[in-house]
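Remarks on the structure that follows.
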Amino acid sequence: MPTDEPVLRVLCVDDNHDIADTLGVLLDLAGFEARVCYDGLSALVAAEEFRPDAAILDLMMPGMDGVELGRRLRARPWAGGLPLVAVTALGDEDARRRTAEAGFDLHLTKPVEPDRLANVLADLVIMRGDSAERPLPGRAAEALGRPGGPSRLG
Ligand SMILES: [Mg+2]
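Take the position in the sequence shown, starting the count at 1, then add 97; the result is the number in my numbering.
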């Protein structure tokens with residue numbers, strides 16, 4: 098297995114440990130490198146070292162909610178264009194407006210099909226301006242049944 102292949106790093110944050118852990122495992126299996134956190138403050142600390150390529154954020158979390166966490170992540174100097182995906186039980190218009198205003202790229206409601214999430218993440222990262230040299234990792238491409246490279250959001 099090649100070791101010089103770029104791996105897309107994904108930060109997963111959910112106060113439900115089971116959901117966060119499961120998401121992390123699924124993303125690892127799909128060829129991403131996942132870092133799991135259970136609250137906003139831990140996620141901010143982890144992100145400084147992990148430097149994710151994308152973040153999946155639950156919205157309803159005690160302390161700092163996902164919208165606030167997304168804002169704070171995006172405020173980091175290295176994270177201006179960080180793709181943000183809300184994965185939440187909240188599907189109402191108000192929740193969608195809040196994530197849109199906070200600059201989230203996507204608002205998905207639970208439960209989310211793992212393949213769809215992996216697909217969306219790969220597309221978001223690829224669409225970033227600096228991602229031309231970071232194609233979809235081989236294992237992710239294989240898991241998704243398609244070659245690496247730019248594609249459109251489905
Ligand atoms: Mg929650």
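Note that beta-carbon positions come from the ideal geometry of N, C-alpha and C, so glycine has one too.
These figures come from a predicted structure and were not determined experimentally.
- Here the alpha carbon of G188 sits roughly 25 Å from the alpha carbon of V122.
- If you look at V133, you'll find it isn't in any alpha helix (DSSP H); it sits in the beta strand (DSSP E) that goes 130-134.
- In the DSSP assignment, A215 falls outside any beta strand (DSSP E) and lies within the alpha helix (DSSP H) extending over 211-224.
- The Cβ atoms of C109 and V133 sit closer than 8 Å to each other.
- A residue is listed when its beta-carbon falls short of 6 Å from at least one non-hydrogen atom of ligand 1; in chain order these are D111, D112, N113, D155, M157, M158.
- When secondary structure is reduced to three states using DSSP, A151 falls in the strand class.
- If you compare the alpha carbons of G167, G163, L124 with that of R213, the shortest gap goes to L124.
- Boundaries of the beta strand (DSSP E) harbouring A183: 181-185, taken from the DSSP string.
- Counting the other CB atoms within 10 Å of its CB gives D111 a total of 16 or more, which places it among the buried residues.
- In the same chain as V164, and ignoring 5 residues on each side of it, the C-beta atoms closer than 7 Å to its own belong to L156, R195, T196, A199, in chain order.
- Spanning the alpha carbons of H114 and D136 requires a straight line of approximately 10 Å.
- Between D202 and L170, the gap from beta carbon to beta carbon reaches 8 Å or more.
- Considering only I116, R173, A152, the residue with the shortest C-alpha distance to E130 is A152.
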